[in-house]
Ligand code: NAD
């Protein structure tokens, strides 16, 4: 039976990246029926919002979506579509694998990390106010429920993907209540997974260790703000935005998307690198239980990049988005 998946091409370079994704997924032979939904800048004139209700309804119905980047309009009062999707669908886990790929310029070669970032709490709750004119206060929220479900997600992910270790990252030495609760809950959850090693690191030390010895780490689980910062650090370890995939996952739905934005200056030029969205597509296939096709697609992406002939400008080549996708699709086809 076909998998029904919501496809949100997005705006800026999103639509051309989505086209590349469709080409490559078709080559895997996995039967996907795309439920195409437009959101972002281009629909604001028609619907008065960048995220119309019927787009959310589609994701709720299909329970799985993949999206291209969407521009956040500045100064219009509209909140980011990306943040709205996470909030509306309670997508509490942000998953960001960071793996070295041969052929991608980077200072590091043996990085194989998975960052699991909590998506709903922490200073990101945005509860802040001015105290008089010259001071401001922001409230950091950490709950047992929020901590427990994200740490459980990290351990379940580790188990399903044959990972050996989970590291909880925090600053519990200073923030004894909030990060202390996160760390305590992480330790409790870890006891239920005796087959997976558990350790913790203070976030500043973690950053230094990731830069010096990234190969020592495996799955990292972090509260929202540290997760935001450390996941970009890890993307930097493996070659940056053009290749970094991501997913936002909750109990009711999952939305896969590249880490990068809409790169508006390149829109319509068939120029940007499709790898980040394609690797998000690999995560999507695993999520759908299509493990064998996911592995084939990942291998084909890696092979085309390693070969270096049909790659985009940021990888040192001169191929366009669709030519790179076509080379990957051809490779999958054998
Ligand atoms: P960006 O990621 O669009 O661009 C940053 C730099 O990386 C630019 O030089 C861009 O050309 C380059 N780049 C990005 N993706 C690339 C790719 N696939 N291949 C090659 N080069 C690539 O970040 P920005 O300029 O800060 O943001 C532009 C818009 O995107 C903003 O409106 C922002 O809010 C939005 N945004 C959306 C998402 C999302 O949809 N999840 C994420 C981040 C930013």
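In the numbering used here, the protein residues as written are 1 to 334. Beta carbons: idealized from backbone N, C-alpha and C, even for Gly.
Under DSSP, the beta strand (DSSP E) around residue i begins and ends at which residues?
| i | result |
| --- | --- |
| residue 138 | 136 to 141 |
| residue 7 | 3 to 8 |
| residue 311 | Careful: residue 311 lies outside any beta strand (DSSP E) and carries neither H nor E. |
| residue 249 | 245 to 249 |
| residue 257 | 254 to 258 |
| residue 67 | 64 to 67 |
| residue 33 | 32 to 36 |
Can we count residue i as close to the ligand NAD, meaning its CB is less than 8 Å from some heavy atom?
| i | result |
| --- | --- |
| residue 268 | no |
| residue 261 | yes |
| residue 56 | no |
| residue 340 | Outside the displayed range of the chain (1 to 334) lies residue 340, so it cannot be described from this structure. |
| residue 274 | yes |
| residue 345 | Nothing can be reported for residue 345, as the shown portion of the chain is limited to 1 through 334. |
| residue 258 | yes |
| residue 224 | no |
| residue 233 | no |
| residue 7 | no |
| residue 314 | yes |
| residue 80 | yes |
| residue 265 | yes |
| residue 284 | no |
| residue 17 | yes |
| residue 214 | no |
| residue 69 | yes |
| residue 13 | yes |
| residue 241 | yes |
| residue 281 | no |
Would you give the residue range spanned by the alpha helix (DSSP H) that residue i belongs to?
| i | result |
| --- | --- |
| residue 210 | 203 to 212 |
| residue 301 | 291 to 307 |
| residue 71 | Note, residue 71: premise wrong, no alpha helix (DSSP H); not H, not E. |
| residue 22 | 14 to 28 |
| residue 228 | 224 to 237 |
| residue 156 | 144 to 160 |
Give the DSSP-derived three-state secondary structure of residue i in the structure shown.
| i | result |
| --- | --- |
| residue 199 | strand |
| residue 123 | strand |
| residue 78 | coil |
| residue 50 | coil |
| residue 112 | strand |
| residue 130 | strand |
| residue 264 | helix |
| residue 330 | helix |
| residue 287 | helix |
| residue 95 | strand |
| residue 174 | coil |
| residue 56 | helix |
| residue 89 | coil |
| residue 220 | strand |
| residue 279 | helix |
| residue 184 | helix |
| residue 215 | helix |
| residue 117 | strand |
Just to confirm, is the Cβ distance from residue i to residue j under 9 Å?
| i | j | result |
| --- | --- | --- |
| residue 117 | residue 230 | yes |
| residue 241 | residue 294 | no |
| residue 48 | residue 262 | no |
| residue 35 | residue 250 | no |
| residue 297 | residue 72 | no |
| residue 65 | residue 7 | yes |
| residue 86 | residue 62 | no |
| residue 39 | residue 21 | no |
| residue 69 | residue 287 | no |
| residue 244 | residue 258 | yes |
| residue 133 | residue 165 | no |
| residue 171 | residue 204 | yes |
Report yes or no: is there a C-beta of chain B within less than 9 Å of the C-beta of residue i?
| i | result |
| --- | --- |
| residue 47 | Absent from the structure: chain B. Only one protein chain is present. |
Leaving aside the five residues before and after residue i along the sequence, list all residues of the same chain whose C-beta is less than 7 Å from its C-beta, in chain order.
| i | result |
| --- | --- |
| residue 122 | 140, 141, 142, 223, 224 and 225 |
| residue 189 | 148, 151, 152 and 155 |
| residue 233 | 207 and 210 |
| residue 306 | 102 and 103 |
| residue 94 | 117, 119, 227, 246 and 248 |
| residue 321 | 16, 17, 20, 270, 271, 272, 274 and 312 |
| residue 267 | 12 and 13 |
Can you give me the Cβ contacts of residue i inside the same chain, cut-off strictly under 8 Å, excluding the 5 residues immediately before and after it?
| i | result |
| --- | --- |
| residue 136 | 128, 129 and 130 |
| residue 26 | 329 |
| residue 157 | 95, 114, 116, 163 and 219 |
Note down, in chain order, each residue of its chain lying with its Cβ closer than 6 Å to the Cβ of residue i, except the 5 sequence neighbours on either side.
| i | result |
| --- | --- |
| residue 215 | 110 |
| residue 256 | 66, 247, 280, 283 and 284 |
| residue 220 | 115, 167 and 169 |
| residue 37 | 6, 8, 55 and 58 |
| residue 10 | 40, 67, 68, 69 and 70 |
| residue 3 | 32 and 288 |
| residue 125 | 141 |
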